[in-house]
Amino acid sequence: MQVMDERVGIDDQGQVSPRLRTIGIIGGTGALGRGLAFRLAAAGHQVRIGSRDPGRAKEAATLVDQRVTGASNVEVCASDLVVLAVPWPAHEQTVAGLREELEGRIVIDCVNPLGFDERGPFALAVDSGSAAEQAQQLLPGSAVVGAFHHISAELLLGGGELDADVLVLGDDRDAVEQVIALADSMTGLRGVFAGRLRNAGQVEALTANLIAVNRRYRGQSGIRVTGI
Ligand SMILES: NC(=O)c1ccc[n+]([C@@H]2O[C@H](COP(=O)([O-])OP(=O)(O)OC[C@H]3O[C@@H](n4cnc5c(N)ncnc54)[C@H](OP(=O)(O)O)[C@@H]3O)[C@@H](O)[C@H]2O)c1
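Numbered per our numbering, the sequence shown spans residues 85 to 312.
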């Protein structure tokens, strides 16, 4: 894995790294939050795991990486970029409860509204169209960007090489570019613009297909966009 000098953003090849950011992760004690924290810290970013229980966040942070810290969900909102990594049933209440704290922030929504039954995973119908659009409606003062829906937490936490694209969706061009740059800064990932937020529903739903692929082939599938 590439080593970064966190203070100056120069990698071990002497190249100037992408801009280093402070990143807060709401629901960061979960599998995806910890996996993203691990990889983002490795890329040199300053990462804070958030939780409803700051003690749980601090405990998770120490286990992930010594550079990662833990705090309450409210506190981690004061970051350059804030990742939303809570389960779909907790999405509306969590987002609505942090509206003021998230004002003016870029909010990265990774949430996949999925159900599971005896026939496997399936996409849930969402009134707003998608989790990302629901977040944007609840957070009119924030720039919501959808990303990281298809990256397996298991792969992120496993520490092996990554090789995947991150589909990035949003209506705020600057916020989208910042999230693409963030994905690009993580070794083995590439950020790819995939449309406006109104296209987030099918991207979130596609995760049900990837989970079905994983179950059939016993793997950790991801997405690669070809031809660009
Ligand atoms: N797992 C993956 O591979 C993966 C990949 C891509 C996208 N995603 C999406 O990312 C999101 C997080 O996935 P995950 O697997 O990390 O989920 P998770 O482990 O089930 O939950 C993440 C965290 O959310 C918090 N949380 C749980 N219930 C809550 C509630 N009722 N209200 C507020 N916070 C609650 C918990 O943190 P505290 O108890 O510490 O507050 C928990 O550790 C999901 O929406 C999923 O669709 C997951």
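The beta-carbon is built from N, C-alpha and C at its ideal position, and this holds for glycine as well.
Open item on the list: If you measure between the beta carbons of residue 277 and residue 250, is that distance less than 8 Å?
Closed with: Reading the sequence shown from its first residue, position 193 is the one you call residue 277. Reading the sequence shown from its first residue, position 166 is the one you call residue 250. Contact flag unset, no.
- [ ] For residue 214, collect the residues of the same chain with a Cβ closer than 6 Å to its Cβ; drop the 5 residues on either side in sequence, then sort them by chain order.
- [x] In the sequence shown, counting from the first residue as 1, residue 214 sits at position 130. Here the set comprises 284, 285 and 288.
Open item on the list: Between residue 296 and ligand 1, is there a pair consisting of the residue's CB and a ligand heavy atom that are separated by less than 7 Å?
Closed with: The residue you call residue 296 lines up with position 212 of the sequence shown. Because no heavy atom of ligand 1 lies under 7 Å away, the Cβ of residue 296 does not count as near it: no.
- [ ] Pull up the distance between the alpha-carbon of residue 262 and that of residue 190, whole angstroms please.
- [x] In the sequence shown, residue 262 corresponds to position 178, counting from 1. In the sequence shown, residue 190 corresponds to position 106, counting from 1. Going by the C-alpha atoms only, they are around 9 Å apart.
- [ ] Could you name the residues of the same chain whose beta carbon sits closer than 7 Å to that of residue 85, not counting the 5 residues immediately before and after it, in chain order?
- [x] Along the sequence shown, read from residue 1 onward, the residue named residue 85 stands at position 1. Residue confidence is low: residue 85 scores 35 on pLDDT, short of 50, so the model does not pin down where it sits. Its coordinate-derived value is still stated next. Excluding sequence neighbours, residue 85 sits near 126 and 271.
TODO: Could you tell me which of 246, 130, 227 and 241 sits nearest to residue 259, measuring between CA atoms?
DONE: Within the sequence shown, residue 259 is the residue found at index 175, counting from 1. Of the candidates 246, 130, 227 and 241, the one whose C-alpha sits nearest the C-alpha of residue 259 is 227.
Open item on the list: With DSSP as the reference, identify every bridge partner of residue 130, one or two as the case may be.
Closed with: Position 46 of the sequence shown, counting from 1, holds the residue named residue 130. Answer is 106, bridged to residue 130.
TODO: Enumerate, from N- to C-terminal direction, the unbroken alpha helix (DSSP H) stretches of 4 or more residues contained entirely within the segment 162-195.
DONE: 172-181
Task: Check: residue 190 C-beta below 7 Å from any heavy atom of ligand 1 - done: Taking the sequence shown and counting its residues from 1, one reaches residue 190 at position 106. No, ligand 1 has no heavy atom inside 7 Å of this Cβ.
- [ ] May I have the straight-line CA-CA distance separating residue 140 from residue 311, to the nearest angstrom?
- [x] Start at 1 with the first residue of the sequence shown, and residue 140 comes out as number 56. Start at 1 with the first residue of the sequence shown, and residue 311 comes out as number 227. Near 44 Å, if we compare the C-alpha coordinates of residue 311 and residue 140.
TODO: Could you tell me whether the segment 105-124 touches the segment 174-192, where touching means 3 or more Cβ pairs closer than 8 Å?
DONE: yes
TODO: Go ahead and pull the three-state DSSP assignment for residue 242.
DONE: On the sequence shown, position 158 is the one that residue 242 refers to. In the structure shown, residue 242 sits in a helix (DSSP, three-state: H, G or I).
Task: Cutoff 6 Å; reference residue 142; Cβ partners in own chain excluding five residues on either side - done: Here residue 142 corresponds to residue number 58 of the sequence shown, with the count starting at 1. Answer for residue 142: 154, listed in chain order.
TODO: Below 8 Å on the Cβ atoms is my guess for residue 169 versus residue 120; work out the distance and round it to an integer in Å.
DONE: Here the question's residue 169 lines up with position 85 in the sequence shown. Here the question's residue 120 lines up with position 36 in the sequence shown. With a Cβ gap of about 7 Å, residue 169 and residue 120 count as contacting.
TODO: Report back the beta-carbon spacing between residue 133 and residue 145 to the nearest angstrom; my notes put them in contact at under 8 Å.
DONE: Taking the first residue of the sequence shown as position 1, residue 133 is located at position 49. Taking the first residue of the sequence shown as position 1, residue 145 is located at position 61. Indeed they touch by this definition, with Cβ atoms about 5 Å apart.
TODO: Out of 122, 158, 103 and 104, state which residue places its alpha-carbon closest to the alpha-carbon of residue 243.
DONE: In the sequence shown, the residue the question calls residue 243 occupies position 159. Measuring from the Cα of residue 243, the nearest candidate turns out to be 122.
Task: Start-to-end residues for the beta strand (DSSP E) that takes in residue 297 - done: Your numbering for residue 297 matches position 213 in the sequence shown. Element bounds for residue 297: not the beta strand (DSSP E) but the alpha helix (DSSP H), 284-301.
Task: Buried versus exposed, by CB contacts within 10 Å (16 or more), residue 229 - done: Numbered from its first residue, the sequence shown carries residue 229 at position 145. By the 10 Å Cβ count, residue 229 comes out buried.
Open item on the list: Which of the three DSSP states is assigned to residue 273 in this structure?
Closed with: The residue given as residue 273 occupies position 189 in the sequence shown. Strand at residue 273.
Open item on the list: So for residue 119, helix, strand or coil by DSSP?
Closed with: The count along the sequence shown starts at 1 and reaches residue 119 at position 35. Residue 119: helix per DSSP, three-state reduction.
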